[in-house]
Amino acid sequence: EAGVTQFPSHSVIEKGQTVTLRCDPISGHDNLYWYRRVMGKEIKFLLHFVKESKQDESGMPNNRFLAERTGGTYSTLKVQPAELEDSGVYFCASSHTVTKLFFGSGTQLSVL
Amino acid sequence: DAKTTQPTSMDCAEGRAANLPCNHSTISGNEYVYWYRQIHSQGPQYIIHGLKNNETNEMASLIITEDRKSSTLILPHATLRDTAVYYCIVRNPGTASKLTFGTGTRLQVTL
């Protein structure tokens, strides 16, 4: 069974640019989540999709972040414009039930 | 959500059992104990979860005290590949997807 796949694995951009991260969940998983670890801090929840609907987006830091999940399959997380403090690792996870999440390997984002 | 307290780091010899403790003295009746781990440069990995009974799966065992104020994750035969940061998280099932990762315990398995 294929796991959660994230693209790209690394991204280096300049402050003010736009970056789009992609996540392909495990097939059949209606639940999809974004998490991130910034500046060596703890891993924090960003948001939760159920199919194409945003179930909980309470962890989104500000309106520079936009998450979409068109058609309830893959998801994208766009940061526009990127700031230095956005640097970190962005994890995507998916699940069939909410009790057991499967995480991808993450996207390392560096904003210079 | 109940706060958890874990030791910052632990060492374990390969082949021995690794016992990772977690205190959650303010846990409420409907909250489960979840364990995840993060191996370097990978995403977090689910290990096990439980409510009040001891649980075992192919990866580990979870022992929860009768008063539920603490628990222990047991890796019965630790290998070098078990070197990781282990997170103990207390959540109720309704919000179990909104995990709050603390600082965890860094387990170093050595030869």
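Going down the list, the protein sequences come from chains A and B. Quick note: the first sequence uses the numbering used here, first residue 1, plus one each step. Quick note: the second sequence uses the numbering used here, first residue 113, plus one each step. Note that beta-carbon positions come from the ideal geometry of N, C-alpha and C, so glycine has one too.
Subject >> Closest residue to glycine 3 of chain A among A/Val19, A/Leu101 and A/Gln108 (Cα-Cα distance) >> reply: A/Leu101
Original post:
With a Cβ-Cβ cutoff of 9 Å, do valine 197 of chain B and glycine 216 of chain B count as a contact?
Top reply: yes
Original post:
If the cut is a Cβ gap below 9 Å, which residues of chain A does glutamine 157 of chain B touch?
Top reply: Phe102 and Phe103
Original post:
Buried or exposed: where does histidine 48 of chain A fall if 16 or more other Cβ atoms within 10 Å of its Cβ makes it buried?
Top reply: buried
Original post:
When the Cα of leucine 163 of chain B is compared with those of B/Lys115, B/Glu170, B/Pro133 and B/Val145, which residue comes out closest?
Top reply: B/Val145
Subject >> Residues from the region 38-69 of chain A in contact with chain B, defined by Cβ distance under 9 Å >> reply: Glu42, Ile43, Lys44, Phe45, His48, Gln55, Asp56, Ser58 and Gly59
**OP:** Enumerate in chain order the residues of its own chain whose CB-to-CB distance from lysine 210 of chain B is below 8 Å, with the five nearest sequence positions on each side excluded.
**Re:** Arg203
Subject >> Sequence-distant residues of its chain with Cβ nearer than 6 Å to phenylalanine 45 of chain A (five each side left out) >> reply: Tyr35 and Gly59
**OP:** State whether the region 9-25 of chain A contacts the region 70-84 of chain A, with contact taken as three or more CB pairs (one from each stretch) at a distance under 8 Å.
**Re:** yes
**OP:** Would you mind working out which of A/Ile43, A/Leu32 and A/His96 sits nearest leucine 77 of chain A, comparing C-alpha positions?
**Re:** A/Leu32
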